[in-house]
Each structure stands twice: as C-alpha cells, then as structure tokens.
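Colleague:
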Amino acid sequence: MKKETVILPGSYDPVTIGHLDIIKRAAEEYERVYAVIFINPNKSYRFSLDDRVRMLMIATEGLENVLVSYSTGLVIDYMREHEIDKIVKGYRTDADLPWEREQAEWNKKHGGYDTLLVKCREGFEDISSTRARGELADGKECEILPEAVREYIKLRGI
C-alpha cells in the first residue's frame with residue numbers, strides 16, 4: 058500500500074457501482090482516500106447534498122481508509138487544506154480522456170497536483186449517474202447503484 062493520500066472528487070448524483078469500484082481500487086492501493094462531493098453552484102442536482110453524502114457514506118461503509126466529505130470550493134484548495142497528495146479520476150471510454158486530461162493539466166498547473174486517470178472495469182463503460190437518474194425517473198430497478206444505495210432511495214422515497 059502506498060503511503061499517500063488521494064482524492065476522488067465528484068458530484069456523486071447518485072453514487073454508482075462504477076464510482077464505488079474506482080473508490081475500492083484506490084482504497085486497496087493508497088493509505089487514505091477522500092471521496093469528496095464537490096458542489097458546482099451553476100449545476101442542478103437530482104439529489105440533495107445531504108442525501109448524496111449519506112448515499113456515499115452508505116456505499117463506502119466498511120472501507121476503513123475512505124473518508125466521505127463535501128466542498129463548495131476548488132479541488133486544489135481542498136487538497137491543500139487536507140494535505141492530499143494526488144487526484145484519482147475514473148473514466149469510462151477514450152472519448153472521456155480529452156476532458157479528463159484538460160482538467161488534470163489545470164490541476165497540475167494551478168495546484169501542482171498529479172492526476173491518476175483510472176480506466177473503468179470492462180463492462181462498466183455504460184454506467185453513469187445520468188443513466189441512474191434516468192432509470193430512477195422511469196421507475197426502473199436501478200441495478201447500477203450499490204444495493205444499499207437502492208435501499209436508501211426506496212426507504213426515503215426519493
């Protein structure tokens with residue numbers, strides 16, 4: 058295990074099995090993992106911040122080296138405040154890479170932080186929060202959400 062602390066930033070609206078897979082893989086490799094919900098004031102969300110935090114906590118329960126949090130600031134500022142070493146970002150397909158690389162370059166230029174881009178597992182390419190929101194809106198059983206998150210959504214009626 059690497060003695061580094063990493064951050065997995067996202068909106069997690071909601072957290073999917075794809076997110077969880079990347080978080081688990083990071084947790085196996087790094088000493089401490091921050092899964093942080095970043096709030097973009099120019100974006101609207103399906104789930105409240107409170108629900109997103111709770112769902113992310115439920116999904117990562119049992120991963121002792123994973124800390125769940127949220128921020129309204131910049132990723133690089135959060136990293137400085139919490140002494141985080143690098144960013145880990147998952148991506149689904151090669152089409153995602155130009156955007157992810159652009160963000161990685163910005164974070165390196167403005168914060169000095171490296172970004173590790175991690176390819177999703179085979180078969181996870183079509184998993185996204187957008188798809189999950191669509192399935193939930195259509196009343197479908199959303200298999201791309203962790204089971205505990207599906208239960209939370211049902212119990213809360215959200």
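Each residue of the sequence shown is one higher than the last, beginning at 58 in my numbering. Glycine is no exception: its CB is placed at the ideal position from the N, C-alpha and C atoms. Nothing here was measured: the structure is a model prediction, and the numbers come from that model.
With C-beta atoms as the reference, is L174 less than 9 Å away from L154?
Modeller: Within the sequence shown, numbered from 1, the residue matching residue 174 stands at position 117. Within the sequence shown, numbered from 1, the residue matching residue 154 stands at position 97. Yes.
Colleague: Please state if the CB of I64 and the CB of V132 are separated by a distance shorter than 9 Å.
Modeller: Along the sequence shown, read from residue 1 onward, the residue named residue 132 stands at position 75. Along the sequence shown, read from residue 1 onward, the residue named residue 64 stands at position 7. Yes, the Cβ-Cβ distance between V132 and I64 is below 9 Å.
Colleague: Where does K197 land, buried or exposed, given buried means 16+ other C-beta within 10 angstroms?
Modeller: Numbered from its first residue, the sequence shown carries residue 197 at position 140. Counting Cβ neighbours within 10 Å, K197 comes out exposed, since fewer than 16 surround it.
Colleague: Could you check the C-alpha separation between G233 and I96 for me, to the nearest Å?
Modeller: Nothing can be reported for residue 233: it is not among the residues displayed for the chain, which extend from 58 to 215.
Colleague: Can we say the segment 108-121 touches the segment 192-208, given the rule of at least three CB pairs closer than 8 Å?
Modeller: As far as the Cβ criterion goes, the segment 108-121 touches the segment 192-208, which means the pair count is three or higher.
Colleague: Taking Cβ positions only, does M58 come closer than 9 Å to chain C?
Modeller: You won't find chain C in this structure, because it holds only one protein chain.
Colleague: In terms of residue numbering, what span does the beta strand (DSSP E) encompassing P66 cover?
Modeller: The count along the sequence shown starts at 1 and reaches residue 66 at position 9. Its beta strand (DSSP E) spans residues K59 to G67.
Colleague: As an exercise, report each continuous alpha helix (DSSP H) stretch of at least 4 residues that is fully enclosed by the segment 134-202, in chain order.
Modeller: 154-168 and 186-194
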